[in-house]
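K.L.:
This is the structure I want to talk about, given as structure tokens.
There are 2 protein chains.
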Amino acid sequence: MAVVWQCQAVNSTSSAGAVRQGSLRELNLAVVLRRIAAADRPPSRAEIAAGTGLTRATVSAVVDDLIAGRLVAEAEPAPRTGAGRPARGLVLAGDGPAGLGLEVNVDYLAACVVDLTGTVRHHLVRRADLRPVPPADALDRLATLAAEARAAAVLDGLTVAGAALAVPGLVGEGGLVRLAPNLGWRDVDVPALLAGHPLAAPVDGIPPLVVDNEANLAALGELHAGPPGSASFLHITGEIGIGAGIVLDGVLYRGARGWSGEIGHIPVQPQGRPCRCGGQGCLERYAGQEAILAAAGLAGADLPADTAATRLADLAGAGDPAALAALADAGTALGVAVSGVVNLLDLDTVVLGGGYAPLAPWLRPPVVAEISRRVLTAAWSPVTVRPAALGARSAAVGGAASVIRRIVERPVGWLARSG
Amino acid sequence: MAVVWQCQAVNSTSSAGAVRQGSLRELNLAVVLRRIAAADRPPSRAEIAAGTGLTRATVSAVVDDLIAGRLVAEAEPAPRTGAGRPARGLVLAGDGPAGLGLEVNVDYLAACVVDLTGTVRHHLVRRADLRPVPPADALDRLATLAAEARAAAVLDGLTVAGAALAVPGLVGEGGLVRLAPNLGWRDVDVPALLAGHPLAAPVDGIPPLVVDNEANLAALGELHAGPPGSASFLHITGEIGIGAGIVLDGVLYRGARGWSGEIGHIPVQPQGRPCRCGGQGCLERYAGQEAILAAAGLAGADLPADTAATRLADLAGAGDPAALAALADAGTALGVAVSGVVNLLDLDTVVLGGGYAPLAPWLRPPVVAEISRRVLTAAWSPVTVRPAALGARSAAVGGAASVIRRIVERPVGWLARSG
DNA sequence: GCAATTTGTTCAGTGGTTGAATTAAATGGC
DNA sequence: GCCATTTAATTCAACCACTGAACAAATTGC
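If you're matching them up, the sequences are chains G and U in order.
Under the working numbering, the first residue of the first sequence is numbered 1, with each subsequent residue one higher.
Under the working numbering, the first residue of the second sequence is numbered 1, with each subsequent residue one higher.
What follows is the structure, given as structure tokens:
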């Protein structure tokens with residue numbers, strides 16, 4: 001049984017964007033579905049027609065397809081407007097396809113299910129120190145967790161339409177994890193190791209698995225959960241290394257080879273401390289988790305990665321001077337690096353995620369200070385700095401959200417599967 | 001007579017991307033035209049059909065429209081292949097629409113005409129110190145130069161389909177130049193000042209004028225003229241300020257508010273020299289033209305901007321130790337900043353443009369050195385650092401190229417005009 | 001000169017949008 | 001309580017652009 005695995009962004013436009021006859025409907029399905037997803041209250045067919053420029057006849061036909069495919073449902077309590085036949089509001093279906101988000105990290109495994117409406121329906125976490133565990137075993141446990149999540153989704157009447165796995169490392173073509181230093185993984189072929197598992201043999205239709213960098217998916221999670229409007233932002237994940245997901249105009253930017261987001265090695269002190277990357281004075285050596293812990297006098301305390309952050313937050317909350325000073329310095333270094341990025345990319349929002357999320361109360365002020373000093377346009381167009389709305393759940397939720405986002409962007413893929 | 005001025009990127013997808021019936025042809029016109037433009041040798045209708053997945057019948061019909069609209073021509077000497085009826089190769093028309101690129105800079109005005117094939121057909125430059133000239137007068141002279149360029153284009157049988165003006169400053173909505181410090185411009189409403197000029201009343205159809213930042217258009221010029229394949233790059237314009245145009249996956253990134261590319265204020269020595277921006281240790285203070293000149297012992301020599309660069313190049317070429325040291329230091333600072341950007345965005349190419357182009361022989365080595373030290377992925381996927389292919393002509397050519405690029409991306413706009 | 005081959009065109013067929021007419025379902029005035 | 005008014009959604013003939021197959025055109029090779 002051949003299993004099709006897809007990794008990285010799917011090149012959805014077949015044959016270089018040529019528009020064949022059926023593409024017309026394909027494209028309009030996406031247009032209408034996007035409109036329903038983006039609306040703040042359930043729109044009627046007529047409103048969609050007026051907003052898109054399509055005729056009401058076309059919108060009706062398209063909506064029929066979407067309803068038949070369990071992507072859209074009619075909201076029964078019609079919003080009373082005034083005279084005339086009442087409109088029937090359209091909403092995304094809460095009982096159609098769902099996305100499965102998975103995460104392997106240093107000290108936990110996570111799986112979550114997000115439905116079309118964006119609601120997180122299930123979120124399972126297994127704590128475990130995975131550093132000494134061989135990759136095959138870790139993925140084995142992950143597959144079990146994924147099966148649980150899927151079962152819970154099925155009980156809700158949902159169909160898992162795809163899965164995305166977040167890994168804290170560099171991911172290459174074909175789901176190959178080139179290097180995940182904190183997990184101790186090197187050239188781990190995730191699809192091959194998972195091939196026999198229930199994750200690979202779902203009940204109905206084969207869900208392709210996407211493997212992606214944790215920082216990328218966390219950024220997508222924030223794009224999904226964060227307040228609307230900030231469509232260009234930098235999501236910074238502070239762990240042992242420092243990663244960044246870059247969202248520009250609402251789309252995740254992955255870089256020429258898929259390796260964007262290495263913010264940890266931006267020089268903040270060109271003649272400063274030597275770094276394992278070979279350079280000097282990299283951000284990671286000043287604002288990485290190890291650097292902050294060392295500065296706070298917690299060096300050598302081999303804490304799990306996520307408890308390290310909460311431990312620091314506790315100390316800082318209690319007024320510990322060393323911890324406060326360490327966080328202030330780290331925040332300043334972060335602010336220097338971020339200022340450069342904001343100047344260059346003209347971003348309006350910076351999100352502190354991962355291990356930085358619980359530390360945001362202490363990191364934010366120095367970051368904001370550096371930005372207001374160094375960012376030219378900050379004066380007449382302020383830059384928002386906020387903690388991640390989802391905190392540590394960002395990556396798993398983002399993975400699940402990326403699955404449903406793909407369906408919303410190109411509903412034909414789902415409709416073709418499920419008649 | 002109302003004149004329609006468009007500025008910044010045109011939101012081409014009407015009504016939020018809804019696909020109406022006619023859009024089918026509209027989209028396929030673009031698909032086929034892009035294919036002809038991107039091919040390395042004139043493709044036949046059959047090859048296009050095979051490559052796009054469209055039928056030969058459809059391609060024929062589409063090509064007929066393109067030929068009727070003077071966008072495509074048949075290359076008469078058919079490339080002999082083997083058996084069968086010989087294919088008729090298709091090329092972009094050299095006598096259809098052309099783009100007009102304009103530039104206002106500190107010590108010159110420029111206008112150039114680029115045809116659909118990308119050939120620079122005319123390039124006019126007027127040297128003049130424009131700093132003491134009021135904006136209205138400068139634009140007046142520019143309009144005269146533009147009229148000359150247009151006349152030359154018309155003599156070649158070309159039709160100017162649009163114009164883009166490069167300004168060394170921040171450009172806001174509606175072509176309003178917020179601030180061009182080196183020109184001494186502030187809140188200059190370019191469309192209003194040009195409204196009565198021949199540029200605004202063309203022979204046939206109204207060419208919308210786009211006003212854009214010089215660094216952005218210069219990056220587009222390099223995208224247009226540079227070697228193919230490098231679709232994600234940073235184009236650095238070294239003048240008194242340091243600007244950057246960011247091209248990601250072949251499209252210019254403008255930022256959330258259109259103010260991206262401020263690379264000059266990336267901190268390279270966080271506790272270093274104070275900068276006019278209010279920060280400290282900005283790149284501009286180490287690699288800006290004034291900083292380099294000062295370090296080379298040429299401070300206060302009030303040279304025109306472009307001759308300053310050649311003057312420095314002459315000195316360095318002659319082995320002047322102060323100039324060599326100044327360039328080495330500037331290159332190192334540039335390398336530090338660029339390394340951070342390349343790490344973050346995973347770019348494969350860095351282009352030294354503007355005033356840096358003639359200095360590239362001396363700037364390149366230290367930049368490359370810093371990149372190879374600091375960029376993580378440089379080891380197994382090298383970063384190209386090269387001088388701008390067009391040098392100082394980048395911005396004007398890029399402006400003209402942006403006009404023809406818009407036509408290639410959406411030929412219907414042109415076809416609707418010119419029957 | 002004729003079969004083979006490939007290109008490009010013609011034409012009936014079809015999918016999907018269009019626009020107008022029609023039906024459906026509410027409000028509001030008398 | 002009834003009917004005009006209003007807005008929503010559907011139906012249906014028309015039409016546009018692509019499809020696929022058949023056909024004509026132009027060259028090579030035997």
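By construction, the Cβ of each residue, glycine as well, lies at the ideal position given by its N, Cα and C atoms.
By the criterion of Cβ-Cβ separation under 7 Å, what are the contact partners of W259 (chain U) in chain G?
P.N.:
Those are D346 and T377, listed as they occur along chain G.
K.L.:
When you compare the region 310 to 319 of chain U with the region 334 to 342 of chain U, are there three or more beta-carbon pairs, one atom per stretch, that lie closer than 8 Å?
P.N.:
The region 310 to 319 of chain U vs the region 334 to 342 of chain U: no contact.
K.L.:
Going by Cα to Cα distance, which pick from G:G101, G:T52, G:D40 and G:R20 is closest to S394 (chain G)?
P.N.:
Considering only alpha carbons, the answer is G:G101.
K.L.:
Can you tell me where the beta strand (DSSP E) holding T468 (chain U) begins and where it ends?
P.N.:
Here chain U has residues from 1 to 419 only, and residue 468 (chain U) is not among them.
K.L.:
Buried or exposed, going by whether 16 or more other CB atoms sit within 10 Å of the CB of V203 (chain U)?
P.N.:
With a pLDDT of 44 at V203 (chain U), under the threshold of 50, the modelled position of that residue is not reliable, and the figure given next carries that caveat. Looking at its Cβ environment, which holds fewer than 16 other Cβ atoms inside 10 Å, V203 (chain U) is exposed.
K.L.:
Tell me whether the beta-carbon of L130 (chain U) lies closer than 8 Å to the beta-carbon of V106 (chain U).
P.N.:
Result yes, Cβ atoms of L130 (chain U) and V106 (chain U) sit closer than 8 Å.
K.L.:
Between U:R410, U:Q289 and U:L347, which lies nearest to L363 (chain U) when the distance is taken from Cα to Cα?
P.N.:
Of the candidates U:R410, U:Q289 and U:L347, the one whose C-alpha sits nearest the C-alpha of L363 (chain U) is U:Q289.
K.L.:
Taking all protein chains shown into account, do 16 or more other C-beta atoms lie within 10 angstroms of the C-beta of N11 (chain U), making it buried, or fewer, making it exposed?
P.N.:
In this prediction, N11 (chain U) has a pLDDT of 31, which is less than 50 and means its spatial position is unreliable; nothing more can be read from the coordinates.
K.L.:
Compute the beta-carbon to beta-carbon distance between V165 (chain G) and G399 (chain G), rounded to the nearest angstrom, for a pair I have assumed lies under 8 Å.
P.N.:
The amino acid occupying residue 165 (chain G) in the given sequence is Leu; Val does not appear at that position. Contact flag correct, Cβ pair sits at about 7 Å.
K.L.:
Out of U:G278, U:P86, U:E76 and U:V397, which one is the CA nearest neighbour of L421 (chain U)?
P.N.:
The shown model of chain U, from 1 to 419, leaves out residue 421 (chain U), and the question about it has no answer.
K.L.:
Quick one: is V133 (chain U) near chain G, going by C-beta distance under 8 Å?
P.N.:
By this cut-off, V133 (chain U) is not an interface position.
K.L.:
Suppose the cutoff is 7 Å on Cβ atoms and the five residues either side in sequence are ignored; what does the same chain contact list for A153 (chain U) look like?
P.N.:
Taken in chain order, the residues that qualify are A98, V113, R121, H122 and V160.
K.L.:
Interface residues of chain U around Q420 (chain G) at Cβ under 7 Å?
P.N.:
This structure gives no information on residue 420 (chain G), because the portion of chain G shown stretches from 1 to 419.
K.L.:
In its own chain, which residues sit with a C-beta less than 6 Å from the C-beta of R41 (chain U), not counting the 5 before and 5 after it?
P.N.:
None.
K.L.:
Could you tell me which residues DSSP pairs with G53 (chain G) in its beta bridges?
P.N.:
Bridge partners of G53 (chain G): none, in fact.
K.L.:
Identify, in the order they occur along the chain, each residue of the same chain with its Cβ nearer than 7 Å to the Cβ of D249 (chain U), setting aside the five sequence neighbours on each side.
P.N.:
Same-chain partners within the cutoff: A231 and S232.
K.L.:
Hey, quick one: how far does the alpha helix (DSSP H) through H224 (chain U) stretch, first residue to last?
P.N.:
E214 to A225 is the span of the alpha helix (DSSP H), which, as asked, contains H224 (chain U).
K.L.:
According to DSSP, simplified to helix, strand and coil, what is W362 (chain U)?
P.N.:
The answer is helix: DSSP assigns W362 (chain U) an H, G or I state.
K.L.:
Can you name the residues of chain U whose CB is closer than 7 Å to the CB of N182 (chain G)?
P.N.:
Simply none; closest approach about 15 Å.
K.L.:
Using C-beta distances below 8 Å, list every residue in its chain close to I404 (chain G), excluding the 5 sequence neighbours before and after it, in chain order.
P.N.:
Excluding residues within five positions, the ones whose Cβ falls inside 8 Å are P97, A98, G99, V114, D115, L116, G118 and A161.
K.L.:
I'd like the list of long-range same chain contacts for G421 (chain G), defined as Cβ closer than 8 Å, with 5 residues on each side in sequence excluded.
P.N.:
Because chain G here runs from 1 to 419, residue 421 (chain G) falls outside it and cannot be looked at.
K.L.:
Determine the contact status of A143 (chain G) and H197 (chain G), defining contact as a CB-CB distance below 8 Å.
P.N.:
Taking 8 Å as the Cβ cut-off, A143 (chain G) and H197 (chain G) qualify as a contacting pair.
K.L.:
Could you give the first and the last residue of the continuous beta strand (DSSP E) run that contains W185 (chain U)?
P.N.:
Segment W185 to D189, the beta strand (DSSP E) holding W185 (chain U).
K.L.:
How about the region 251 to 262 of chain U and the region 336 to 351 of chain G: do they share at least three Cβ pairs that are nearer than 8 Å?
P.N.:
The region 251 to 262 of chain U vs the region 336 to 351 of chain G: in contact.
K.L.:
Does DSSP classify D115 (chain U) as helix, strand or coil?
P.N.:
In the structure shown, D115 (chain U) sits in a strand (DSSP, three-state: E or B).
K.L.:
Tell me, please, whether the CB atom of G279 (chain U) is closer than 8 Å to any CB atom in chain G?
P.N.:
Yes, G279 (chain U) lies at the interface with chain G (some Cβ there is under 8 Å from its Cβ).
K.L.:
Starting from the beta carbon of H265 (chain G), find every residue of chain U whose beta carbon is closer than 7 Å, and list them in chain order.
P.N.:
Residues of chain U passing the Cβ test: N343, R374 and L376.
K.L.:
Keeping to the same chain, check which residues put their C-beta closer than 6 Å to that of S402 (chain U); ignore five residues upstream and five downstream.
P.N.:
Correct list, in chain order: A164 and L220.
K.L.:
Using 8 Å as the limit for Cβ to Cβ distance, is R405 (chain U) near chain G?
P.N.:
No, R405 (chain U) does not count as interfacial toward chain G.
K.L.:
Would you mind reading off the limits of the beta strand (DSSP E) that contains P97 (chain U)?
P.N.:
First-last of the beta strand (DSSP E) with P97 (chain U): P97 to V104.
K.L.:
What are the residues of the region 224 to 246 of chain U that lie near chain G, defined by any Cβ-Cβ distance shorter than 8 Å?
P.N.:
Under the 8 Å Cβ criterion, the region 224 to 246 of chain U contributes A231, S232, A244 and I246.
K.L.:
Check the C-beta distance from I236 (chain U) over to G340 (chain G) and give it rounded, since I have them as a contact under 8 Å.
P.N.:
The Cβ separation is near 14 Å, so there is no contact.
K.L.:
Between which two residues does the alpha helix (DSSP H) holding V32 (chain U) run?
P.N.:
Note, V32 (chain U): alpha helix (DSSP H), S23 to A38.
K.L.:
Do you know whose CA, among U:P358, U:G17, U:G89 and U:G245, lies nearest E47 (chain U)'s CA?
P.N.:
Residue U:G89 is the option with its Cα nearest to E47 (chain U).
K.L.:
Does chain G have any CB closer than 8 Å to the CB of S60 (chain U)?
P.N.:
For S60 (chain U), the answer is no, since every Cβ of chain G falls outside 8 Å of its Cβ.
K.L.:
Hey, would you say V31 (chain U) sits closer than 8 Å to A18 (chain G), going by beta carbons?
P.N.:
Against a cut-off of 8 Å, the Cβ pair of A18 (chain G) and V31 (chain U) comes out as a contact.
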